[in-house]
Amino acid sequence: MAPKQSSSSSSRDLRHRVLTYVTKLSDRDTHRQAVVELESIIPTLTGDAFSLFINSLSSTSTADRSAVRTAALRLLASLSAAHGRHLSPHLPKLIAAVVRRLRDPDSAVRSTAAAATAAFAANITNSPFSAILRPLADSLATEQDIAAQSAAAMCLSAAVDASPAPEIYQIVKLLPKFGNVHGGILEERGLGVQKGGGGGVEGDCGGGERFVVGAQSFLH
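Per the UniProt record's numbering, the very first residue in the sequence shown carries number 1; after that it's consecutive.
Here it is, written out as structure tokens:
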């Protein structure tokens, strides 16, 4: 019975520490200390503690300062660097945290979301790439906001650059769904439509057009 009580007490302790420092992220005076403390907690996490940590950091919203939203994403990226393949069951939650930031009004937060996506793709390598691809592709296909579309494309490109096995042809297959994406966004992020041939990985989409995944972003 004692080990169970000890484990339960340890779990409550950890929960209290994580929630305390997540709260302190919002205070300018304690922000830096909170980041340092949360970074120090990351290597100690195991099992159920992953969910607690991810859920706590995913709860940030636009009501929080930009620095808080950015720090939360960076900490999730650090989590993936520290624990890699052990986070495979939690990858959907991590990507959901990224998707929630695609509409963020601060471009720095959106850029950090792309960096976090790259970290997940590089470190959580035992999950299929589609676990990252699908939510981002769905957002890119359905978003009406131009900044959010650009952020989704940026995250997708970052994931492909970072992943050791990006399943490029799945991306080519999905590209025809992106008909509502504002002109220029796909090309800026290495995803484009062009007549005839060219560099990169291509897929037919009819009408003489070919969707092209830019060579710089997608070929390794």
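For glycine and all other residues, C-beta sits at the position ideal for the given N, C-alpha and C. Predicted model only: the values in this text are computed from it and were never measured.
Look at T117 here: in three-state DSSP terms it is helix. Distance from the CA atom of L14 to the CA atom of D106, rounded to whole angstroms, is 31 Å.
Positions of the alpha helix (DSSP H) runs, each at least 4 residues long and wholly inside the region 87 to 135, are given as 91 to 99, 107 to 123 in order along the chain.
R110 is not a Cβ neighbour of A141, given a cutoff of 7 Å. Residues of the same chain with a CB within less than 6 Å of the CB of V22, apart from the 5 flanking positions on each side, are S56 in chain order. Assigned with DSSP and collapsed to three states, L25 falls in coil, not helix or strand.
Contact between V35 and A77 does not hold, since the beta-carbon distance rounds to 13 Å and is not under 8 Å.
Each residue's CA atom was taken as its position, placing A96 and A137 some 13 Å apart. When only Cα atoms are considered, L73 and V98 end up about 8 Å apart. Straight-line spacing of the CA atoms in I168 and L156 works out to 11 Å. For D161, the enclosing alpha helix (DSSP H) starts and ends at 146 to 162.
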